[in-house]
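A.B. asks: For the sequence shown, numbering that gives the first Met the number 0 begins at 0 and goes up steadily by one.
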Amino acid sequence: MIARASGEAQWRAQWRGRLHSAADVHRWLRRHGIPAPAAGDTEPSFPVCVTPYYAGLIRRADQSDPIYRQSMPATDEFRSHSGTRQTRDPFGEQQTCSPVPGVIRRYRDRAVILVSVDCAAHCRHCTRRHSLRARDPVARIADVVAWLRQAGDVREVILSGGDPLALSTTRIHRLLDAIRGVSHIRRIRIGTRMPVTLPHRITRDLIAVLARHPPLWIATHFNHPVELTMEAAGACAQLAEAGIPVVNQTVLLRGVNDRVSILRDLFEGLVDLRVRPYYLLHCDPVAGVDHFRVPTRKGLALMRRLRSTLSGLAIPVYAADQPGALGKVPLH
Ligand SMILES: *Cc1c(COP(=O)(O)O)cnc(C)c1O
């Protein structure tokens, strides 16, 4: 177990020290002995944002590096995407399934609540890369709770954003208390990439708050075995030891993890950390992420090969979010 005497100070320092442009990241890499060109590329509309911790996992300053590729814009990002069905909001989240601002409901029994617009790091493949803006509405908790009280079919609340764990521990505490006050809500799920991009965020205080509201599940987002560091392992162990189940949603990304050996190491490594691989998600058709997309046929072939060599515990469901369809559809 990793000692964390000043857990709060440590994650705040990582947060404040985030790198906010391609030029910044390159400068940081050079300072840490990794050759990187002096000038950054044109800054993309979805800004670069990386924690020093996550930047520290980069070994090569180019798109062949899985961490660099998830964090830094490829030139393909700036190309036009005419002729594809990619849009800025492929699932109509903003218009069609929002009963109150900041709530997305596509299933009868589950509601997603957008509680934060901030993340520790920006993933280049982010589905919400065009809607995450500081000025966009996050849910007003009083309104959400009022809505939840009369939405008697909702059994599970999924906190998302942005990253819910970007909020202060005090605010998370208040939020969980408020949701827990609605008697028909049976469980809470938190979607967070903190165990991957800022594992220092999983402090003892945070664990104590999360553990007060069982059953509470964490859904996180590891994409590559390089992300399974000592720090990440420590964060996952703390969650497991506090009785908080952790599942993982990997996105299948070309040039990052679209190889059997990589997925095998990732999924087995996760099970070893007591994290259950839950979904392997086909990359959403969002504008600017075309260079990450893998043909469905290839995804299916990868799954077939994994199934013949891996424990069932290590096999996620391969699924795609279908525009128009109501939700994630398993691919067979
Ligand atoms: C993915 C998603 C869920 C959760 O789906 P599960 O299959 O239960 O993981 C719920 N609501 C929305 C809008 C989603 O996109």
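C-beta: ideal position from N, C-alpha, C; glycine also.
This structure is a prediction, so every number in the text was calculated from the model and none was measured.
Cβ of Ile336 within 8 angstroms of any heavy atom in ligand 1?
C.D. replies: Nothing in the structure corresponds to residue 336, since the chain is present only between 0 and 331.
A.B. asks: Anyone know if the C-beta pair for Pro276 and Asn247 falls short of 9 angstroms?
C.D. replies: Contact: yes.
A.B. asks: Could you pull out every unbroken alpha helix (DSSP H) segment of at least 4 residues lying fully inside the segment 99-156, listed in chain order?
C.D. replies: Listed in chain order, they are 140-149.
A.B. asks: Count the other C-beta atoms from every protein chain shown that fall within 10 angstroms of the C-beta of His331, then say buried if there are 16 or more, exposed otherwise.
C.D. replies: So His331 ends up on the exposed side.
A.B. asks: Within the present structure, is the beta-carbon of Ile112 separated from the nearest heavy atom of ligand 1 by less than 8 angstroms?
C.D. replies: No, the beta carbon of Ile112 sits no closer than 8 angstroms to any heavy atom of ligand 1.
A.B. asks: Using DSSP with H/G/I as helix, E/B as strand and the rest coil, what is Ile66?
C.D. replies: DSSP places Ile66 in helix when its eight states are reduced to three.
A.B. asks: Take Gly298 and list the residues in its own chain whose beta-carbon comes closer than 7 angstroms to its own, dropping the five residues that flank it on each side.
C.D. replies: So the list reads Leu251, His281, Tyr317, Leu330, once near-sequence residues are dropped.
A.B. asks: Which runs of the beta strand (DSSP E) at least 3 residues long sit entirely within the segment 14-62? Give them in chain order.
C.D. replies: Taking only runs of at least 3 residues, no beta strand (DSSP E) segment lies wholly in the segment 14-62.
A.B. asks: What is the DSSP secondary structure of Ile261, counted as helix, strand or coil?
C.D. replies: Looking at Ile261 - three-state DSSP - the assignment turns out to be helix.
A.B. asks: Measuring only the C-alpha atoms, how far is Arg200 from Leu166?
C.D. replies: Between Arg200 and Leu166, the C-alpha separation is close to 10 angstroms.
A.B. asks: Can you give me the C-alpha to C-alpha distance between Glu7 and Ser307, rounded to a whole angstrom?
C.D. replies: Taking the straight line joining both Cα atoms gives about 44 angstroms.
A.B. asks: To which residues does DSSP link Ile187 through a beta bridge?
C.D. replies: Per DSSP, Val156, Leu215.
A.B. asks: In this structure, what does DSSP give as the bridge partners for Arg275?
C.D. replies: DSSP output for Arg275 lists Val246 as bridge partner(s).
A.B. asks: Taking the straight line between their C-alpha atoms, what separation do you get for His19 and Val225?
C.D. replies: Spanning the two alpha carbons is a distance of roughly 22 angstroms.
A.B. asks: Considering only their Cβ atoms, is the gap separating His290 from Gly254 smaller than 9 angstroms?
C.D. replies: Yes, they are a contact pair.
A.B. asks: Asp320: beta carbon under 8 angstroms from a heavy atom of ligand 1?
C.D. replies: Yes, since a heavy atom of ligand 1 falls inside the 8 angstroms radius drawn around the Cβ of Asp320.
A.B. asks: Since Ala232 is in the alpha helix (DSSP H), which residue starts that stretch and which ends it?
C.D. replies: That run of the alpha helix (DSSP H) goes 229-240.
A.B. asks: Quick check: is any heavy atom of ligand 1 less than 8 angstroms from the C-beta of Cys282?
C.D. replies: Cys282 Cβ: outside cutoff for every heavy atom of ligand 1.
A.B. asks: Quick one, which of Arg179, Val144, Leu209, Ala141 has its alpha-carbon nearest Pro163's?
C.D. replies: Nearest C-alpha to Pro163: Leu209.
A.B. asks: My understanding is that Pro51 touches Gln13, with C-beta atoms under 8 angstroms, so please give their C-beta distance in whole angstroms.
C.D. replies: Correct: roughly 6 angstroms between the Cβ atoms.
A.B. asks: According to the neighbour-count rule (16 or more other Cβ atoms, all chains shown, within 10 Å of its Cβ), is Gln237 buried or exposed?
C.D. replies: Buried: at least 16 other Cβ atoms inside 10 Å.
A.B. asks: Label Arg211 either buried or exposed according to how many other C-beta atoms from any shown protein chain fall within 10 Å of its C-beta, with 16 as the threshold for buried.
C.D. replies: Its Cβ having fewer than 16 others within 10 Å, Arg211 is exposed.
A.B. asks: Beta carbon of Ala218: closer than 8 angstroms to some heavy atom of ligand 1?
C.D. replies: Yes, Cβ of Ala218 sits closer than 8 angstroms to a heavy atom of ligand 1.
A.B. asks: For Tyr416, which residues of its own chain have a beta-carbon under 7 angstroms away from its beta-carbon, when the five flanking residues on both sides are left out?
C.D. replies: This structure cannot speak to residue 416, because the chain is shown only from 0 to 331.
A.B. asks: From Ala177, Val259, Val47, pick the residue whose C-alpha is nearest to that of Ala145; which is it?
C.D. replies: Cα-wise, what sits closest to Ala145 is Ala177.
A.B. asks: Does the pairing of the segment 168-185 with the segment 116-133 give three or more beta-carbon distances under 8 angstroms?
C.D. replies: The segment 168-185, when compared against the segment 116-133, does not touch it at the 8 angstroms Cβ threshold.
A.B. asks: Could you tell me if Gly16 is buried or exposed, where buried requires 16 or more neighbouring beta carbons within 10 angstroms of its beta carbon?
C.D. replies: Classification of Gly16: exposed, given that the 10 Å Cβ count is below 16.
A.B. asks: Would you kindly report the start and end of the unbroken beta strand (DSSP E) that includes Asp204?
C.D. replies: Run containing Asp204: none in the beta strand (DSSP E); it sits in the alpha helix (DSSP H), 203-210.
A.B. asks: Which first and last residues belong to the beta strand (DSSP E) in which Asp320 is found?
C.D. replies: Its beta strand (DSSP E) spans residues 316-320.
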